[in-house]
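Enquirer: In this note's numbering, the protein residues as written are 75 to 174.
#1: Within the continuous alpha helix (DSSP H) that includes residue 130, where are the two ends?
#2: Return helix, strand or coil for residue 82, following the three-state DSSP convention.
#3: Taking DSSP's pairing of strands, which residues face residue 94 in a bridge?
#4: If you draw a straight line from the C-alpha of residue 121 to the C-alpha of residue 113, how long is it?
#5: Just reading off the alpha helix (DSSP H) that residue 103 is part of, what are its end residues?
#6: Using CA coordinates, which residue listed in 152, 164, 137 and 85 is at the minimum distance from residue 118?
#7: Check residue 162 in the structure and name its three-state DSSP category.
#8: Around the Cβ of residue 87, are there at least 16 other Cβ atoms within 10 angstroms (buried) or fewer (exposed)?
#9: Are any of the Cβ atoms in chain D nearer than 9 Å to that of residue 110?
#10: Strictly by DSSP, which residues pair up with residue 137?
Following this line, the structure appears as structure tokens:
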């Protein structure tokens, strides 16, 4: 089953941020972590999953991604800080969270 998600990756705590959307977050983050995706995240070594949210449909996930991409950096930082104050890499627990 595909689960639309919006996610934020970071290079490090308070580092470079990247916002993306996917229907298979486990696979997509794996690709980022292993440098399998050319572009911004590979160039800037952005591979820590610090935030994600699940959506019922791809349309709502895409709308949310567009909204977040328009946000100020400080708003994204506040969102991460609220749900993940230690900026832990959430990828390790991702599979069990998605299954729920």
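Glycine included, each C-beta is placed from N, C-alpha and C at the ideal position.
Expert: To lay it out plainly:
#1: Taken as a continuous stretch (DSSP letters only), residue 130 belongs to no alpha helix (DSSP H), as it is neither H nor E.
#2: strand
#3: 81
#4: 12 Å
#5: 99-107
#6: 85
#7: coil
#8: Residue environment analysis places residue 87 among the exposed positions, since fewer than 16 neighbouring C-beta atoms fall within 10 angstroms of its C-beta.
#9: Protein chain content of the structure displayed is limited to a single chain, and chain D is not contained in it.
#10: Partner(s): none; residue 137 has no beta bridge.
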